[in-house]
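Residue numbers (this note's numbering): 143 to 458.
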């Protein structure tokens, strides 16, 4: 079944913090937009896929979204619960909610030179078992899917045997599935990756009496050679038994739905133009939150994009 959605000036893909920041900046300049979001809520990485003890890893003044600072009562390092509370207020304050279309999986986006419009096809996932294709058109397209699109798990020989009923009884999860260390007390847990999430999850596990080991590319434990059932074999030949493996190995960006773009994003969803010119492509195509500068970078991108669109719509 096909449905033609009403045209708008701006189509955004993603209702994470990058999309919300851009929406606020557009709203203040009275520019209409629609946001297509794959999940059933905005800011899903915070609301659904973050661990309980998470805090912003930078001081709050470097993590504020545009035009609405954190309350002065918030601590320097804002907790997950406080950040979600602030995002809820942000969405309400700028009346963003009515412009979000949840559970829309964008399938393709292409620019039509004849009409000077972006045409976006999305699958409506709200009706299981009933395939509904929706079509959106807009003068501008903003890639706001951010840097946390698809959880990444490395391809390790024998990994599937770790949780196979025939050869192993272990649990394998990505950091997006981890909430807290309560279920892991007394268990042998291997944390793979030593970024912010890896170090914080390792600490949380230790605080809950898990027997925690850490694998990084610059080894605390050597790299993983292979896995045999619940035995993890390291590159130095030693092996250890583990009950669980938590992969804190980050994400892969994905913009394979963007068709015909030869100037803005590479195959890994990374801007080809270097900072600070990364956010603007051709024909009204923009990206937000892909500069590698976290929330601060997304806020700057959002304001730049809104100002540029406004200058086109309302030239002096």
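Just so you know, even glycine gets a beta-carbon here, dropped at the ideal spot from N, CA and C.
What did DSSP end up calling residue 429 once you bin it into helix, strand or coil? Here residue 429 refers to the residue found at position 287 of the chain shown. Residue 429 falls in the strand class under three-state DSSP.
Could you give the first and the last residue of the continuous alpha helix (DSSP H) run that contains residue 189? As a first step, residue 189 must be located in the chain shown, where it is residue number 47. Here the alpha helix (DSSP H) through residue 189 covers 186-189.
Distance, residue 379 Cα to residue 397 Cα: As a position in the chain shown, residue 397 is number 255, starting the count at 1. As a position in the chain shown, residue 379 is number 237, starting the count at 1. Roughly 39 Å separates the two Cα atoms.
C-alpha distance - residue 343 paired with residue 197, whole-angstrom precision: Counting from 1 along the chain shown, the entry for residue 343 is found at position 201. Counting from 1 along the chain shown, the entry for residue 197 is found at position 55. Cα atoms of residue 343 and residue 197: separation of roughly 12 Å, rounded to the nearest angstrom.
For the segment 185-203 and the segment 223-236, state whether three or more C-beta atom pairs, one from each stretch, are separated by less than 8 Å. Taking a cut-off of 8 Å on C-beta distances, the segment 185-203 touches the segment 223-236, as three or more cross pairs fall below it.
Among residues of its own chain, excluding the 5 on either side of residue 312, which ones have a beta-carbon nearer than 7 Å to its beta-carbon? For the purposes of this step, residue 312 is taken as residue 170 along the chain shown, with counting starting at 1. When the five nearest sequence neighbours on each side are left out, the beta carbons in the same chain lying within less than 7 Å of the beta carbon of residue 312 are those of 304, 305, 372, 384, 385, 386 and 387, in order along the chain.
Flag this pair as yes or no: are the beta carbons of residue 411 and residue 432 separated by less than 9 Å? Locating residue 411 in the chain shown gives position 269, counting from the first residue. Locating residue 432 in the chain shown gives position 290, counting from the first residue. It is a contact, given that the beta carbons lie within the stated cut-off.
Can you tell me where the beta strand (DSSP E) with residue 266 in it begins and where it stops? By one-based count along the chain shown, residue 266 stands at place 124. Per DSSP, residue 266 belongs to the beta strand (DSSP E) from 259-266.
May I have the straight-line CA-CA distance separating residue 288 from residue 156, to the nearest angstrom? By 1-based counting over the chain shown, the position of residue 288 is 146. By 1-based counting over the chain shown, the position of residue 156 is 14. Their Cα atoms are separated by approximately 8 Å.
Whose CA, out of 457, 331 and 451, lies closest to the CA of residue 175? Along the chain shown, read from residue 1 onward, the residue named residue 175 stands at position 33. Checked all of 457, 331 and 451; the closest Cα to residue 175 is 451.
In whole angstroms, what is the alpha-carbon distance linking residue 153 and residue 437? Your numbering for residue 153 matches position 11 in the chain shown. Your numbering for residue 437 matches position 295 in the chain shown. Linking residue 153 to residue 437 through their CA atoms gives a straight-line distance of about 21 Å.
Can you grab the Cα-Cα spacing for the pair residue 161 / residue 326, in whole Å? Here residue 161 refers to the residue found at position 19 of the chain shown. Here residue 326 refers to the residue found at position 184 of the chain shown. In this structure, the CA atom of residue 161 is about 35 Å from the CA atom of residue 326.
Roughly how many angstroms separate the alpha carbons of residue 263 and residue 215, rounded to a whole number? Indexing the chain shown from 1 puts residue 263 at position 121. Indexing the chain shown from 1 puts residue 215 at position 73. Rounded to the nearest angstrom, the two C-alpha atoms are 43 Å apart.
Run through the segment 168-227 for me and flag every whole alpha helix (DSSP H) of 4 or more residues, listed as ranges in chain order. Qualifying alpha helix (DSSP H) stretches, in chain order: 186-189.
Taking the continuous alpha helix (DSSP H) assigned at residue 406, which residues delimit it? By one-based count along the chain shown, residue 406 stands at place 264. No residue range can be given for residue 406, since it is assigned to no alpha helix (DSSP H) and is classified by DSSP as neither H nor E.
Going by C-alpha to C-alpha distance, which of 439, 330 and 455 sits closest to residue 286? Working through the chain shown from its first residue, we reach residue 286 at position 144. Closest by alpha carbon: 439.
Any chance you could list the beta strand (DSSP E) runs of at least 3 consecutive residues sitting entirely within the segment 268-324, in chain order? Whole beta strand (DSSP E) segments, 3+ residues: 274-285 and 313-316.
For residue 200 versus residue 212, is the C-beta distance shorter than 9 Å? In the chain shown, the residue the question calls residue 200 occupies position 58. In the chain shown, the residue the question calls residue 212 occupies position 70. It is not a contact, given that the beta carbons lie outside the stated cut-off.
Alpha carbons only, please: which of 204, 223, 331 and 233 is nearest the one belonging to residue 168? Residue numbering aside, residue 168 sits at position 26 when the chain shown is read from its first letter. Its Cα nearest to that of residue 168, the residue 233 stands out among 204, 223, 331 and 233.
Which residues does DSSP list as the beta-bridge partners of residue 251? Working through the chain shown from its first residue, we reach residue 251 at position 109. Partner(s): 262 and 400.
Pairwise C-alpha distance: residue 320 and residue 368: The residue given as residue 368 occupies position 226 in the chain shown. The residue given as residue 320 occupies position 178 in the chain shown. Each residue's alpha carbon lies about 23 Å from the other.
Would you say residue 385 reaches chain D, if we count a Cβ-Cβ gap shorter than 9 Å as a contact? No chain D appears in the structure shown, which is made up of a single protein chain.
Between 280, 255 and 260, which has its C-alpha nearest residue 151's C-alpha? By 1-based counting over the chain shown, the position of residue 151 is 9. Per the Cα distances, 280.
Look up residue 330 in the DSSP assignment and give the residues it is bridged to. Locating residue 330 in the chain shown gives position 188, where the first residue counts as 1. When DSSP reads this structure, residue 330 sits in a beta bridge with 353.
Three-way DSSP call (helix, strand, coil) for residue 368 in this model: The residue you call residue 368 lines up with position 226 of the chain shown. Note: residue 368 maps to strand in three-state DSSP.
Could you check how far apart the C-beta atoms of residue 301 and residue 323 are, in whole angstroms? I think they sit under 8 Å. Position 159 of the chain shown, counting from 1, holds the residue named residue 301. Position 181 of the chain shown, counting from 1, holds the residue named residue 323. With a Cβ gap of about 22 Å, residue 301 and residue 323 do not count as contacting.
Would residue 246 be called buried (16 or more neighbouring beta carbons within 10 Å of its own) or exposed? Residue numbering aside, residue 246 sits at position 104 when the chain shown is read from its first letter. Looking at its Cβ environment, which holds 16 or more other Cβ atoms inside 10 Å, residue 246 is buried.
Delimiting residues of the alpha helix (DSSP H) encompassing residue 450: The count along the chain shown starts at 1 and reaches residue 450 at position 308. Where residue 450 is concerned, the enclosing alpha helix (DSSP H) stretches over 436-455.
Mind reading off the beta-carbon distance from residue 283 to residue 251? Whole number of angstroms is fine, and I expect it under 8 Å. Here residue 283 corresponds to residue number 141 of the chain shown, with the count starting at 1. Here residue 251 corresponds to residue number 109 of the chain shown, with the count starting at 1. Contact between residue 283 and residue 251 holds: their C-beta atoms lie close to 6 Å from each other, under 8 Å.
Is it buried or exposed for residue 414, if we count other Cβ within 10 angstroms and need 16 for buried? Residue 414 sits at position 272 when you count from the first residue of the chain shown. Classification for residue 414: exposed.
Just how far apart, CA to CA, sit residue 295 and residue 314? As a position in the chain shown, residue 295 is number 153, starting the count at 1. As a position in the chain shown, residue 314 is number 172, starting the count at 1. Cα to Cα, the separation comes out at about 10 Å.
Do you know whose CA, among 293, 179 and 458, lies nearest residue 158's CA? Stepping through the chain shown from its first residue, residue 158 is reached at position 16. Looking at 293, 179 and 458, the one whose alpha-carbon comes closest to that of residue 158 is 179.
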